[in-house]
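Trainee: A single structure is presented below for examination.
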Amino acid sequence: MTSTHSGAPSGTHAGRRERLAALLPAHEADAILVTRAVNVRYLTGLVSSNAAVLVTADGTAVLATDSRYAEAARALCEGIEVVEQRDVAGVLVARAPRVAVEAHHMPVADYFRLGERPGTDLIRLTGLVESVRRIKDEAEIELIRTACDLTDRAFADVLPMLRPGTTEREIARALEARMAELGADKPAFATIVASGPNGSVPHHMPTDRPLERGDLVTMDFGALYGGYHADMTRTVAIGEPDAWQRELYELVRAAQRAGRRAVRPGAAAHEVDAAARDVIVAAGYGERFSHGLGHGVGLEIHEEPFLSPAKPEPGREHGRLDDRVPVTVEPGVYLPGKGGVRIEDTLVTRQDGPELLTRTTKELLVL
1 MTSTHSGAPS GTHAGRRERL AALLPAHEAD AILVTRAVNV RYLTGLVSSN AAVLVTADGT
61 AVLATDSRYA EAARALCEGI EVVEQRDVAG VLVARAPRVA VEAHHMPVAD YFRLGERPGT
121 DLIRLTGLVE SVRRIKDEAE IELIRTACDL TDRAFADVLP MLRPGTTERE IARALEARMA
181 ELGADKPAFA TIVASGPNGS VPHHMPTDRP LERGDLVTMD FGALYGGYHA DMTRTVAIGE
241 PDAWQRELYE LVRAAQRAGR RAVRPGAAAH EVDAAARDVI VAAGYGERFS HGLGHGVGLE
301 IHEEPFLSPA KPEPGREHGR LDDRVPVTVE PGVYLPGKGG VRIEDTLVTR QDGPELLTRT
361 TKELLVL
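For the sequence shown, UniProt numbering begins at 1 and goes up steadily by one.
Dropping the structure here:
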């Protein structure tokens, strides 16, 4: 695995570390040891398979990595002391008496090994860096915006391939190839193409099934650009659709529109989910909408916040949207043996209304 910069401009990472440091006193921690690779990247810009960063309560940071990445770290990570060491967690944990650790990531064996060091008091925290990552800066949003633009363009370019006889697998490969040709780093995730009865499986993996006239075809895909993810789903018809297919599509489209309109700073995640879900439930298809409405996107394809029917635990601010939080809105209805419809966009919460990043039409395309 090679090292590279995150794509964020110089100075951004220091601000992120300062926001993280400001949260430590509430947890009575002198520092936090960040070992999860995506979080190390977010805080330093370094992409590495073996790195950790210690951020102290005053905002200073020490980055540890091994000899494979040390040179890149010194060149890329401004304002950070770089320590070259294979045991990245071990060399950093001794630098502060009360150290918070990422309990959702650190192996149990490492937790006990590090905790046995004299004078070390470990504090188990979950999702603290992720809570900072949830609100994006404008540089991050621009990278997501570019990833979404590449996704839109690839979809438009591949549409002529969608005709009887073309297989699901061929369409998936074409979408991924076109995104790469347009400048994507790679696909944001494994592309989903589900045709005809396969559309009843939300995460159906493409097969050699050829498209047939009368199929609905659902495509869920996205580009990765500068480390940031796009996510979009479109469902199209091959030939003139039956009445039930049009009705189902328009139902999901109405639900998706309601969900998008509910995305605003201060909205509770479960309320946004309900805005779309209630439309589907009222039409009698509630049991056929089997997943949450959406999720955050950024350095990961699925990250905080998660738009689902579940209400957050008391005191968890993760349950509400803030300004500059990219999320997906992706309702779907799935009918076993017949097919399904899903429509998904990536958008960003803004004070004056959500900014739509995936702009391809939501009208039913009949090919």
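Ideal Cβ positions, reconstructed from N, Cα and C, are used throughout, including at glycine. None of the values given here were measured: they were computed from a predicted structure.
Would you list, in sequence order, the uninterrupted alpha helix (DSSP H) runs of no fewer than 4 residues that lie entirely inside the region 47-135?
Mentor: Qualifying alpha helix (DSSP H) stretches, in chain order: 70-76, 88-93, 108-115 and 128-133.
Trainee: Could you tell me whether the region 148-156 touches the region 230-239, where touching means 3 or more Cβ pairs closer than 8 Å?
Mentor: Short answer: they touch.
Trainee: Nearest-angstrom Cα distance between L321 and A267?
Mentor: So the alpha carbons of these two residues sit roughly 5 Å apart.
Trainee: Taking the beta carbon of V38 as the centre, do at least 16 other beta carbons fall within 10 Å, making it buried, or is it exposed?
Mentor: Its Cβ being crowded by 16 or more others within 10 Å, V38 is buried.
Trainee: Nearest to S290 by alpha carbon, out of E304, L335 and G259?
Mentor: Cα-wise, what sits closest to S290 is L335.
Trainee: Just checking my contact of D30 with A96 at CB under 8 Å: how many whole Å lie between their CB atoms?
Mentor: The Cβ separation is near 4 Å, so the contact holds.
Trainee: Alpha carbon to alpha carbon, what distance is there between E250 and G226?
Mentor: Roughly 35 Å separates the two Cα atoms.
Trainee: Given this structure, state the Cα-to-Cα distance separating A172 from E78, to the nearest angstrom.
Mentor: Each residue's Cα considered, the two are about 40 Å apart.
Trainee: Name the two residues that bound the continuous beta strand (DSSP E) containing V329.
Mentor: First-last of the beta strand (DSSP E) with V329: P326 to V329.
Trainee: Whole angstroms is fine: what's the gap from E168's alpha carbon to A177's?
Mentor: About 14 Å.
Trainee: Take every Cβ of the region 203-212, pair it with every Cβ of the region 155-168, and state whether three or more of those distances are shorter than 8 Å.
Mentor: Touching, yes.
Trainee: Pick from A75, F221, R124 and T349: whose alpha carbon is nearest that of T35?
Mentor: Among A75, F221, R124 and T349, the Cα nearest to that of T35 belongs to R124.
Trainee: Are the region 115-129 and the region 83-102 touching, with three or more C-beta to C-beta distances below 8 Å?
Mentor: At 8 Å Cβ cutoff, the stretches touch.
Trainee: Within a Cβ cutoff of 6 Å, which residues of the same chain sit near H86, ignoring the five residues on either side of it in sequence?
Mentor: Looking at the sequence provided, one finds Arg at residue 86 rather than His. D66.
Trainee: Pick from K186, Q256, L76 and S48: whose alpha carbon is nearest that of I280?
Mentor: Comparing Cα positions, the closest option is Q256.
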